[in-house]
Amino acid sequence: MFWTWAVITVAGVLVGIYAPSRLMPRSMSDNMHLTILTMIVFTVAAAPVAAGVYAAALHALRHWTHKGDEVPAAGPAVRENATVVTTWLLVSTLLTVFLLIWGLGALAVDNGSTGKNPLVIDVTGQQWVWSFSYPGTHVQSDQLYLPVNREVEFRVTSEDVTHGFWIANMGVQVDANVGTITTIHTTPDKLGTFDIRCTQFCGLNHAFMVTEGHVLTSSQFTSWLASQPQRA
Amino acid sequence: MTTTLEATKTAAIPQGGGLHRRLNMLTAMIGGALFAWIFWFLAHHFLDPTSRTYSDEVTVSLTFGWIVGFWLGIGAFNAPFQWLVGRDNTRDDDLYLAGQGQGKAKYWKFTTDHKVVGVQYIIMTMVLLGAGGILAMAIRTELIIPGNHFVNQQVYNGFVAVHGMLMILALIVAVAGPWGNFVMPIMCGARDMAFPRLNALSLWTLVGAAALLLTTLAVGSLTMGWVVLEPIADQAGVGMDFFAMAIIVFTVSTTVASVNVICTALTMRTKGMTLARLPIFVWGVIIAAALGLYAFPFFSLVEVLTMVDRTFSTSFFIASGGGTGWLQANLFWLMGHPEVYVILLPSVAALFEISAVMARKPVFSYRTAIAGMTGLAGLSILVWAHHMFTTGWAPTLGGPFMLTTELISIPTGLFFLVLIGTLWRGNIWMKLPTVWMFGFIANFIIAGITGIYLSDIPIDNQLHGTMFVTAHFHYVFVGSVLFGAVSALAFWFPKVTGRFLNEYMGRISFWLTFIGVQVTFIAMFLSGLRGMPRRYSSYAMIFEHTNFITTIGAYMIMAGMLVLLGAVITSWNKGEPAGPNPWHANSLEWMVPTPVPLENFDVLPVITEDPYNYGEELVRS
Amino acid sequence: MSIDTHSEHDAHGAHDGGHHEPPEVVDGRQRMGIWLFIGGDMVGLSALLFTYLYLRGVNTGGHWMQMLGYTGHPYSYYYNILDVKGGSLPNPTMIHVGTLSAGLNWTVTALTVVAAAIVWAAERGLRATKNAKSYSSLAAVAAVVTVVAIVFTVIQLRHIPQIFVANNDSQVMAYTGYDSAMMAVIGSTLIHLCILAFLGLGLTIRSSKGVINGDKWYQARLVRLFWVWVACASVIASALTTTINTIH
Amino acid sequence: MNRSKSLGVALASVLLGGGALALAGFALASATPHQAALNCVPSQSAANTCNLNLSTFPDSLAGEHGKTGGDHPDWVSYSNDNLVVPANTTVNVTIDQYDSGGSLNNAFFDQVMGTIGGVATIDGKTVSSVDPTNVGHTFTLRGIPGSGKTLFVSVPLPADSNTQAVTIGEGSYTKPVVVQFSFKTGAKGVYEWNCEFPCGGGREGQFGQAMSTYGYMSGTLTVN
């Protein structure tokens, strides 16, 4: 039984360490790094518990089962075992507290106060397209362009129904609500292209409410901004 | 079905009786259709200002007419009318209502006998699961390759909405319906439920609601998902009105059933059946019912508000009138999360019961089991906002709700402790119920751990609204609740039919379903991790392979369920005969003969010990 | 499970094996049932008041008591302009709506409370004097009072101000957040009053027929429990909606 | 029942049930309305170019819904929703706009985007944007990033203010606004397009009814 447990635990830990960063979209922001790290930690923490239950179940299957139509004799009449219950409660509570502390810490980092001079971008969702405008510049675009290593604050709203603004590579997601502005912020730290998808069901073409975003160097970004048509 | 289920007790069939004794499902359908037409006609001619044939006002009154007519036609209004005019039932009337000496016919009528209602619930559950399953297959077929090939996105959205709601209704009644009605009163040593006529009412109300829900697909574009998102539900077609009315009617059914279950378990117990001797399954059903009583008023309210927004143009969810979609989200999830445990608890409690009988051991730490279930129920009403982490509503409350949500893993952990503890060193009888129980243990672990990820806000900000969430709650509902439900079906099937559920077919079904679940939903986890949002009618190439695998797995699950259906149908009349107590269990439902006579006990038993005294000295005088 | 079938068989020793339970047992069970239904109704009421307070709290776009639209013209007028003459509307204006009449609101509540008081007094009288006839007449009075309350509720509903909202392809008479919430609260009062009217009528008939009498008064208590709860709910709702409404 | 018989029953239930479901599926798939494809007509004048003619109507009496106007004769509609064009070609689109109009939800869509030169010709005048308060409909086309097929074309169709009456099919309208533009198709694939002017039902955004029902103000553009 111990070995079953050990094997499953090790397997779980390995999956926890190697899977997330490989399965999830390329991480392009601080939030996404944190998300992936948290997934690794949680998986590693949960592996031994899951392994324990699996090992026990397998052990029961291997040693204590009776086949056939004859009713087996009665088992040991154990009704209570205070030690086991308390230990179990203690362990699960400790684990929960650990996950909680980690989670709250991560949350604090995630929602950390906005930096001195974030780039503000107004995000507008409508059925079934996104559009982005850069306050103070009269520039509006159907794709999102961001400078690298500068904090961005998205001010998200909607024209018609609730949409979900989600940058799949940056671990930030917030709904676009009608008549309300919700904000999220993140700091892209990798150059490249990323996907933006709608995560809140918004009707007929919900599946096609997608667009691309690009993280540029600050000089590229400035020239892009300058090259865009100015709208009144 | 008749021969095995006909009450052996053959008292004289009460004579006479008038129209209200001639009512049945057919008259209910006719009444429903008739009144639907009348209400449609009236509304069409007097309410509708622009005389658009199917405006929301007209549709709402049509659906209302349907349910009124259905109730009238099944005889639900007889009792209130009799009460009003002061003509109460005689004992003969009661016996007749309980279906005495009416053979097969009683299964199609407003019959109050809790065993008949239990069987009706078994059929109802299978119908709902079947319909929802067919839609699931349609959804997976659409998603087998990128692009809209099988149906267009409008039809697909309707499939998603109705699949979700059908399955939720089906699972809410899947265990508590059949077994909470059939065996729970006998377990307590009662002759029937506390309010037999309310019991029949809850069943037939569910039938009326299901009919409305199945109609939605035919009558209009359902662009709002099963949670009836606002404000988009304001745009949906008239199908939305059917949908809302179906839910409102369903909440009536569940509220009535909850009250009935609680009163039965608390006031109908026979002499000596103290709360401490109550079979653990009864506890599970009580707690689930209490939770339902708390949750479902929110459900009906949010649907009523949706309906008046559409018909009277109120502004509950319309920003230009001061409303907000967040109100819908709050009300819905105030119901929605407790409802998850209304679904889960009866299933888990049934498995506690089964594990004790099959391992020939007492339930390990009976008190812990009750504490776990109660704690879960209590916590579940404090966690609703974890469904709203990414909606932008009250970000400051994120921390507190994250705390309550993660605390849930402690009572949930106790379930594993009790199950494993009961099996520990037992002599585990590997019959069909046991097999499905082990399936539950394997799947419920995965469901639980993926839940821990989603309760953590930084992770939720990435995974919320993706297929990862879908896969997570399908591990809960399909992998866990459904496995528990099938285990319960296999366990109590002999008490209903007097025959075993075919062991061999049951195991084929198990392996197909179990492997199918892993293939389907692990692949779905991967889709979610790679970034595929939920409710997508089509998807980018990068999600191709995982979706293909998911669809193949879904087909396996379908095969497994079909085999189970075949097993149920063939075993019902032709299965291997089982005695009154095939599992050599000690709880009361196994002490009465099979088929169980009307009113269960000639002489009410007196209880001196709880049913888990395996291995202890058995005192049977 | 150890079953002792040789002790004196069932709790009630009747020869039909206890198929007939004594009325007080049945009554206790039914009272628990009523209390559970009341519990469900309490959740319903709190959900309703949550809705009211939440809409007032978020006050999206400041539209709790005001909305962009038109007023003072019948629907058909705009319908003609837009669809028949193919013309276009003037720009909508911000229309402010006041609070609904607190007087009407409290009238309904007062009537409900009075009816509840009558039913309660009648029940006490029935249990003391065993006089079913006077109970019957009092129940009838309570039913009538409830019907009057229903009439006032309908008047309330008809006084909720509508605002005409016209968009490109949809023209409707709409309500602001406050009016919507009030419509829901009043509507729920109306439904409860209808149930009470039914119950009152039933009590009248049953007691006049002697099905409810000095010895069989349990149902009178069951109905009274629900009736009193509805009165309390009505008071709570009125107190809230008449004090916490405008936003300053 | 013995094992072999049980196995037989198991197989039977899977085959029967599966068969029934498959049949139902095919029935459904064939029952869902598929409108006739509108193929891009190769142009005589220029090589590697084709012409696509569309119309937008204030109702459904003209165009693909036929004389009866389908289920909802009073709903606005595009004349076709199933467009088919060849890959890597220049598509010249001509849209006759017969509908009145109003203000866009989002002024962003008063621009001509993604066309060749970023311009469109409206009644002979070449423009890059129009008055956002007087738009009838828009033709907005997009692909699915991640599939390697990115295509974004959005052209506003100004409201029709002509008075001269014309009759098409069962519908009577006024002389249309003619909007012409061209765009280059890329890789094969299925693209979705819809109208971004709020011309459906519902109180918020007016994207209900015709806007959220397939085959009225939205459709597919298949590149093959």
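Going down the list, the protein sequences come from chains A, D, P and L. Sequential numbering of the first sequence, starting at 25, is according to the working numbering. Sequential numbering of the second sequence, starting at 2, is according to the working numbering. Sequential numbering of the third sequence, starting at 21, is according to the working numbering. Sequential numbering of the fourth sequence, starting at 3, is according to the working numbering. Don't be surprised by glycine CBs; every beta carbon is placed ideally from N, CA and C.
Chain D residues whose Cβ lies nearer than 7 Å to that of A/Thr-148 = Correct list: empty, because the minimum Cβ distance to chain D is about 14 Å.
ask   = When the Cα atoms are used, what is the spatial distance from P/Ser-227 to P/Ala-152?
value = 6 Å
key: Residue ranges of each beta strand (DSSP E) within the region 152-238 of chain A, 3 or longer   = As far as the region 152-238 of chain A is concerned, its whole beta strand (DSSP E) runs of at least 3 residues are 153-158, 163-165, 168-171, 176-182, 187-191, 196-200, 206-210 and 216-222.
request  = Output the residue ranges of the alpha helix (DSSP H) runs that lie fully inside the region 465-532 of chain D and measure 4 residues or longer, sorted by chain position.
outcome  = 468-475, 484-498 and 504-531, all fully within the region 465-532 of chain D.
ask   = What's the call for P/Asp-235, buried or exposed, on a 16-neighbour Cβ count within 10 Å?
value = With fewer than 16 other Cβ atoms within 10 Å, it is exposed.
L/Gln-99 and L/Pro-200 closer than 8 Å at C-beta = no
Below-8 Å beta-carbon distance, A/Thr-241 vs any chain P residue = Not one chain P Cβ lies under 8 Å of A/Thr-241.
request  = Quick one: grab the DSSP three-state call for A/Met-48.
outcome  = coil
inquiry  = Taking 8 Å as the threshold (beta carbon to beta carbon), is D/Gly-322 in contact with chain P?
reply    = So yes, D/Gly-322 belongs to the interface.
query = Is the beta carbon of D/Ile-421 sitting closer than 8 Å to the one on D/Leu-377?
reply = no
message = Residues of chain D with CB closer than 8 Å to the CB of P/Gly-81, please, in chain order.
response = Ala-320, Ser-321 and Gly-323, listed in chain order.
Boundaries (first-last residue) of the alpha helix (DSSP H) holding D/Asp-457 = First-last for D/Asp-457: undefined, no H or E at that position.
key: Buried versus exposed, by CB contacts within 10 Å (16 or more), D/Thr-54   = The pLDDT assigned to D/Thr-54 is 47, lower than 50, so where the model puts this residue is not dependable, and the model offers no usable value.
ask   = How about D/Gly-66 and D/Ile-39: do their beta carbons lie closer than 8 Å?
value = yes
key: chain P contact for A/Thr-204 (CB, 8 Å cutoff)   = yes
message = On the CB-based measure, 16 or more other CB atoms within 10 Å of its CB, does A/Tyr-42 come out buried or exposed?
response = exposed
ask   = Going along chain A in order, which residues have a C-beta closer than 7 Å to the C-beta of L/Ile-146?
value = Residues of chain A whose Cβ lies closer than 7 Å to the Cβ of L/Ile-146 are, in chain order, Phe-232 and Val-234.
CB-CB length for D/Val-518 against D/Val-479, believed under 8 Å = 6 Å
message = If you reduce the DSSP assignment to three classes, tell me which class P/His-35 lands in.
response = Bear in mind that the predicted position of P/His-35 carries a pLDDT of just 43, short of 50, making it unreliable; the figure below should be weighed with that in mind. In the three-state reduction of the DSSP assignment, P/His-35 falls in the coil class.
inquiry  = Just to confirm the assignment, what range does the beta strand (DSSP E) spanning D/Met-92 have?
reply    = The sequence shown places Arg at residue 92 of chain D, rather than the Met named in the question. Here D/Arg-92 belongs to no beta strand (DSSP E); instead the alpha helix (DSSP H) covers 92-98.
query = Which residue's Cα is closest to the Cα of A/Ala-74: D/Val-152, D/Thr-413 and D/Thr-312?
reply = D/Thr-413
inquiry  = List, from N- to C-terminal side, the beta strand (DSSP E) runs of 3 residues or more that fit wholly inside the region 117-163 of chain L.
reply    = 122-124, 127-129, 137-146 and 151-160
Below-8 Å beta-carbon distance, D/Gly-517 vs any chain B residue = This model lacks chain B altogether, as its protein chains are A, D, P and L.
task = Measure the beta-carbon distance from D/Thr-405 to D/Leu-380 and round it to whole angstroms, keeping in mind my assumption that it falls under 8 Å.
result = The C-beta distance from D/Thr-405 to D/Leu-380 rounds to 6 Å, short enough to fall under 8 Å.
Near-chain A residues of the region 179-202 of chain L - C-beta to any C-beta below 8 Å = Glu-194, Asn-196, Glu-198 and Pro-200
inquiry  = Please report whether the beta-carbon of D/Gln-329 lies at a distance below 8 Å from any beta-carbon of chain L.
reply    = no
Nonlocal neighbours in the same chain, by C-beta distance under 8 Å from L/Asp-133, ignoring five residues either side = Asp-112 and Pro-160
inquiry  = Taking the straight line between their C-alpha atoms, what separation do you get for P/Asp-36 and D/Met-274?
reply    = Its pLDDT being 47, under 50, P/Asp-36 is placed unreliably by the model, and nothing is read from it.
message = Does D/Ser-52 pass the burial test, meaning 16 or more other C-beta atoms within 10 Å, or should it be called exposed?
response = Its pLDDT being 46, under 50, D/Ser-52 is placed unreliably in this model, and the coordinates cannot settle the point.
message = Taking its Cβ as the centre, do 16 or more other Cβ atoms sit within 10 Å of P/Ile-211, making it buried, or is it exposed?
response = Exposed, by the Cβ-count rule.
key: Inter-residue Cα distance where the pair is P/Ile-138 and D/Phe-299   = 32 Å
key: Sequence-distant residues of the same chain with beta carbon closer than 8 Å to L/Asp-61, five excluded per side   = Gly-71, Pro-75, Asp-76, Trp-77, Val-78, Ser-79 and Gly-173
ask   = If the cut is a Cβ gap below 8 Å, which residues of chain L does A/Glu-104 touch?
value = Per Cβ cutoff of 8 Å: no residues; A/Glu-104 is ~42 Å from chain L at best.
task = Check D/Met-403 in the structure and name its three-state DSSP category.
result = In the structure shown, D/Met-403 adopts helical secondary structure according to DSSP, grouped into three states.
Cβ pair L/Leu-30, D/Val-152 closer than 8 Å = yes
key: Which residues DSSP lists as bridging D/Pro-594, in chain order   = Paired residue(s): none; D/Pro-594 is not in a bridge.
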